[in-house]
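Each protein sequence line maps, in turn, to chains A and B.
FYI, my numbering numbers position 70 of the first sequence as 73, with every residue one higher than the one before it.
FYI, my numbering numbers position 296 of the second sequence as 299, with every residue one higher than the one before it.
Don't be surprised by glycine CBs; every beta carbon is placed ideally from N, CA and C.
Structure record follows, encoded as structure tokens.
Number of protein chains: 2
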Amino acid sequence: MSSTAPLSEKSPENLTAYVNGDFVALENATVHIEDRGFQFADGVYEVVACIHGHFLDLGPHLDRLQRSCAAIDVAMPCARAQLEELIAETWQRNPFDDAMIYIQITRGAAPRAHLAPDTLTPTLIITSRELPRPSDEKLACGASGITLEDFRWKRCDIKSIALLASIMGKQEAHRQAADEAFWTDADGHVLEGSSTNILAVIDGKLVTHPLDHQVLGGITRSMTLDLARKAGIAVEERPWTLDESGLSECMLTSTTNAVLPVCSMNGKAVGNGKPGPLTGKLRQLMLAAMEDLRRT
Amino acid sequence: MSSTAPLSEKSPENLTAYVNGDFVALENATVHIEDRGFQFADGVYEVVACIHGHFLDLGPHLDRLQRSCAAIDVAMPCARAQLEELIAETWQRNPFDDAMIYIQITRGAAPRAHLAPDTLTPTLIITSRELPRPSDEKLACGASGITLEDFRWKRCDIKSIALLASIMGKQEAHRQAADEAFWTDADGHVLEGSSTNILAVIDGKLVTHPLDHQVLGGITRSMTLDLARKAGIAVEERPWTLDESGLSECMLTSTTNAVLPVCSMNGKAVGNGKPGPLTGKLRQLMLAAMEDLRRT
């Protein structure tokens with residue numbers, strides 16, 4: 004990190020993006036209008052946190068990226084080692100101390116037809132921006148949520164860019180002055196948020212929906228469950244509802260939020276309406292893991 | 004049409020696209036990598052046929068485009084009259100005698116976050132390419148289909164670019180050496196194809212799934228139903244299954260296929276396995292309507 008410009012010199016105007024073999028000024032970073040990512044949502048992505056030049060769980064993120072590509076039958080654009088180098092170089096050119104690396108792969112560009120030629124070169128873009136953090140107010144008072152019956156597709160286990168339903172969910176949350184929309188199935192089970200996973204504390208146990216086609220296997224979700232297990236907290240991956248007696252806390256997890264309390268849902272308090280102790284503990288464990296990276 | 008270059012001079016290299024206010028060489032037509040169409044499938048589109056410079060049902064296409072934009076809360080990028088002028092100019096610059104006009108609107112470009120700023124300028128792209136036509140073999144022998152249980156989102160009435168499920172459906176059809184994948188609901192009702200609508204002839208009536216959130220209100224579907232009614236053919240919009248007794252024909256409809264017989268489904272013959280008379284009649288009526296445009 005010593006060779007990079009200090010953060011203060013990095014304004015949005017001089018960020019650099021990787022696009023299909025070249026590093027270019029982000030403001031000039033483009034893809035063809037017939038890129039299948041633009042016309043068909045025919046692609047997948049990852050968002051990785053980078054703390055002081057160290058990537059948080061890059062391995063699991065790249066494992067999932069490969070699984071997502073395989074699920075939609077898109078070839079990885081390059082060997083994994085090369086991808087890791089490109090990610091590192093993208094950060095080095097945009098060396099935010101806390102960075103958010105965005106990686107997107109699409110099937111490539113071709114004259115528009117649903118069935119793609121099998122000769123396409125996949126598109127790869129990588130950007131590095133400052134990692135957003137929850138506001139002090141959200142940390143102190145918790146985030147607010149609404150629930151929406153899930154109208155997304157049935158392969159939410161694939162981290163695809165076909166995110167319009169999630170956008171509509173987030174918009175609806177915003178219209179209701181809430182921070183996040185959480186999808187529920189027809190039986191009222193809480194699945195995940197539009198861009199987060201959600202976990203509850205029920206009778207002292209950490210409960211979250213099991214991995215299936217209805218939820219994304221979030222890397223931060225997985226880290227949180229691991230941290231909980233190591234701390235001796237019981238974990239249950241099972242369908243759950245908001246009206247279960249014994250539900251005392253909810254929390255959301257994501258790369259950009261780490262672990263964040265959710266203190267109201269559909270305008271009603273969750274538990275006592277304040278960030279709960281288990282949420283606080285898991286957030287501290289997660290931040291400690293991130294700070295460990297900083298000190299590496 | 005007199006001022007335009009003859010078709011033979013239009014090669015893929017010198018096509019022109021409209022992108023956000025400018026006409027540019029298609030090969031250089033790009034959007035920003037942070038366009039929300041590319042990162043979130045946050046956009047909608049239309050495909051319009053243009054016969055000898057006359058657009059086929061442009062009004063209904065633009066009505067639907069406005070409905071799609073409204074459904075996802077994206078502003079139209081310009082007034083309708085101006086959009087019509089841009090579409091006309093795009094064709095004039097790429098004056099295929101039978102042209103396929105592609106129009107896409109996205110919410111615009113912004114640093115990636117699910118919740119978009121409400122100040123974005125929508126992205127508008129328009130292209131004109133040669134209208135593909137079904138091959139003689141497909142017309143003579145009919146298209147083949149497979150059925151897949153629907154795993155798309157629950158707002159298929161919106162003509163959005165979040166098309167990854169449809170791409171996966173088309174790929175699966177291709178793997179099974181079929182032309183199209185048709186989505187079925189949990190009860191086996193046939194909804195629509197991955198890029199087409201589907202209609203059946205059952206007991207001499209033209210039957211197709213009613214308009215709801217599971218199907219797109221296809222313009223060619225609607226034209227076909229209108230032509231049938233005018234020709235005295237009974238039309239029923241109701242859920243239907245492939246194993247109904249009395250089912251003698253299937254046909255698909257789309258801008259690029261007009262009306263096309265579907266003569267096999269999941270490897271089994273539909274009816275007697277040959278293009279049926281009602282399909283043939285409706286195709287001829289549709290082609291006649293298109294030829295009427297040519298003579299306008």
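Residue i vs residue j beta-carbon contact at 7 Å
| i | j | result |
| --- | --- | --- |
| A/T93 | A/S131 | yes |
| B/G40 | A/F43 | no |
| B/T126 | B/G111 | yes |
| A/R45 | A/T109 | One detail in the question is off: residue 45 of chain A reads as Asp in this sequence, not Arg. Yes; because the gap between Cβ atoms is below 7 Å, this pair is in contact. |
| A/A102 | A/C53 | yes |
| B/L263 | B/L255 | yes |
| B/V265 | B/G172 | no |
| B/L118 | A/H177 | yes |
| A/G274 | A/S251 | yes |
| B/A231 | B/L209 | yes |
| B/H57 | B/L296 | yes |
| B/P278 | B/E240 | no |
| A/I36 | B/V34 | yes |
| B/S163 | A/L18 | no |
| B/L68 | B/E49 | yes |
| B/S248 | B/T199 | no |
| A/L202 | A/Q217 | no |
| B/E152 | B/T187 | yes |
| A/E175 | A/A184 | yes |
Any chain B beta carbon closer than 7 Å to residue i
| i | result |
| --- | --- |
| A/L18 | no |
| A/H64 | no |
| A/W156 | yes |
| A/A113 | no |
| A/I128 | yes |
| A/G40 | yes |
| A/A102 | no |
Helix, strand or coil at residue i [DSSP, three-state]
| i | result |
| --- | --- |
| A/L228 | helix |
| A/W331 | Outside the displayed range of chain A (4 to 299) lies residue 331 of chain A, so it cannot be described from this structure. |
| B/I201 | strand |
| B/T282 | helix |
| A/G62 | helix |
| B/M289 | helix |
| B/F26 | strand |
| A/L18 | coil |
| B/K301 | Here chain B covers residues 4 to 299 and nothing more, so residue 301 of chain B does not appear. |
| B/K208 | strand |
| B/L296 | helix |
| A/G46 | strand |
| B/G196 | strand |
| A/T259 | coil |
| B/I222 | helix |
Contacts that residue i makes with chain A (C-beta to C-beta distance below 7 Å)
| i | result |
| --- | --- |
| B/K173 | H117 and L118 |
| B/D76 | Q174 |
Contacts of residue i in chain B (Cβ-Cβ under 7 Å)
| i | result |
| --- | --- |
| A/I170 | F43, D45 and H117 |
| A/Q69 | What A/Q69 touches in chain B: nothing, since even the nearest Cβ is about 17 Å away. |
Under 9 Å from the C-beta of residue i: neighbouring residues of chain A
| i | result |
| --- | --- |
| B/V218 | Residues of chain A passing the Cβ test: none, with the nearest at roughly 15 Å. |
Short CB-CB distance (under 7 Å) between residue i and chain A
| i | result |
| --- | --- |
| B/V34 | yes |
| B/W186 | no |
| B/K141 | no |
| B/H177 | yes |
| B/L167 | yes |
| B/G191 | no |
| B/S257 | no |
| B/L10 | Reliability fails at B/L10, whose pLDDT of 48 lies under 50, so the model's placement of it is uncertain and the value that follows must be treated cautiously. Output row for B/L10: interface = no. |
| B/T7 | In this prediction, B/T7 has a pLDDT of 41, which is less than 50 and means its spatial position is unreliable; nothing more can be read from the coordinates. |
Residue i: contacting residues in chain B (beta-carbon distance under 8 Å)
| i | result |
| --- | --- |
| A/S197 | H117 |
Where residue i meets chain E, residues with beta-carbon distance less than 9 Å
| i | result |
| --- | --- |
| B/I164 | Within the model displayed, chain E is absent; protein chains A and B are what it includes. |
9 Å Cβ cut-off: residues of chain B touching residue i
| i | result |
| --- | --- |
| A/R132 | P114 and R115 |
| A/F107 | Here residue 107 of chain A is Gln; the residue named in the question, Phe, does not match the sequence. Those within 9 Å of A/Q107 in chain B are I36, F41 and Q42. |
8 Å Cβ cut-off: residues of chain A touching residue i
| i | result |
| --- | --- |
| B/V22 | I36 |
| Ordered list of beta strand (DSSP E) runs contained in the stretch 65 to 150 of chain A, each at least 3 residues | 101 to 109 and 126 to 133
| query | Which residue spans inside the stretch 162 to 186 of chain A form an unbroken alpha helix (DSSP H) run of at least 4? | reply | 167 to 178
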